[in-house]
Amino acid sequence: MKHLTHLLLLGCMILSSWVGMAQPDKVYYTDSDIEKHYASFGIHFDPLYTHRRLFALNNADANSNYDKDNFPASGGFGYNWGGYVNFNINSSLRLGVGAGQTTINYTLEKYKYYYNGDTSSVNLKVNGVYNTFPLRIGFSTPMNDVYSLEIWIPIAYNKLVTYQESTSISGENLNEDLTEQANSDMWSVAIQVGGAFHLTDHWSVIASAQFRYFTTPMIEKANRPTETPYGAGLTFGLRYRM
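Using mature numbering (1 follows the signal peptide of the UniProt record, and there is no 0), the letters of the sequence shown map in sequence onto residues -22 to -1, 1 to 220.
Structural data, given as structure tokens:
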């Protein structure tokens, strides 16, 4: 019995040694061993439904003594496009800069338009084009291997390129270039919620919903209310991570 006990103990020791030798050693990674993306750059195109918000009423000329209900308007198709560079501050926080162009369209309905000594009620189409330079702060969290949830807040300086108004009176098309009278410097803020679909370790497709609001009036005229535009739509793009 004593010899059997010794044999069992010896067998357990040999088995333990064999199991320990069979298991691979643990590998500990440092931050330098893990691949990181420190920056990315991309391009985007944003189809937008653009409209305007009445900021203040002006009591002068043909459109005086009116309230907000007397200034109906309808939205139009606008868009924004451009490129950007993002920098990874940490695993979640992003900071980016970009450049692009924005187009805003909407129509003022039943607008009192003075022409050739007469005042007519017309639909006045408004078109503004701006070069835009956003500073972007973003938050990203991976949901799985192929998708990351992202929230971006761009604050943009917008430089006027052209501002035009057009209408039709008695079959005559009228187009006015009011670029010199419009505000040349505008600011906007937006929020974008969506994500990145990772095609490879470096390439991603971007898709998100967004809302953008301009804090500055497009133009200030005595015979019409002060208006600030806004837009809602989607963002589509392609991004490369370095």
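C-beta: ideal position from N, C-alpha, C; glycine also. On a predicted model such as this, the values are computed, not experimentally measured, just so you know.
Bridge partners of P132 according to DSSP: R114. A straight line joining the alpha-carbon of V139 with that of S162 spans about 8 angstroms. A distance below 8 angstroms between beta-carbons, with the five flanking residues on each side excluded, links W165 to the following residues of its chain, in chain order: I133, A134, Y135, N136, F192, T193, T194. Less than 8 angstroms divides the Cβ of G61 from the Cβ of G78. Annotation: T81 to T110 spans about 10 angstroms, alpha carbon to alpha carbon.
Pairing F33 with T204 gives a Cβ-Cβ distance under 8 angstroms.
Assigned with DSSP and collapsed to three states, T178 falls in coil, not helix or strand. Counting only runs of at least 4 residues, the segment 166 to 215 fully encloses no alpha helix (DSSP H) element at all. Under the DSSP assignment, E87 falls in the beta strand (DSSP E) whose first and last residues are 71 to 93. Non-local beta-carbon contacts of M121 in its own chain, meaning distances under 6 angstroms to residues more than five positions away in sequence, involve L127 in chain order. Between T85 and S52, the CB-CB gap stays under 8 angstroms. Linking K199 to I131 through their CA atoms gives a straight-line distance of about 31 angstroms.
Contact fails between the segment 139 to 154 and the segment 169 to 189, because fewer than three Cβ pairs, one in each stretch, are under 8 angstroms apart.
Around S98, the same chain offers Y91, I147 as residues with beta carbons nearer than 6 angstroms, after the five sequence neighbours per side are excluded.
The Cβ-Cβ distance between Y89 and V107 does not fall below 8 angstroms.
Listed in chain order, the non-local C-beta contacts of T119 below 7 angstroms within the same chain comprise S70, S126, L127, local neighbours out to five positions each way being set aside. For R30 and Y16, the gap between their C-alpha atoms comes out near 39 angstroms. The DSSP-derived three-state label of L152 is strand.
Beta-bridge partners of M164 (DSSP): N136. In the three-state reduction of the DSSP assignment, K14 falls in the coil class, being assigned neither a helical nor a strand state. Taking all protein chains in view, the Cβ of D96 is surrounded by fewer than 16 other Cβ atoms within 10 Å, so the residue is classified as exposed. The three-state reading of DSSP puts N68 in coil, since its state is none of H, G, I, E or B. Bridge partners of D24 according to DSSP: N58.
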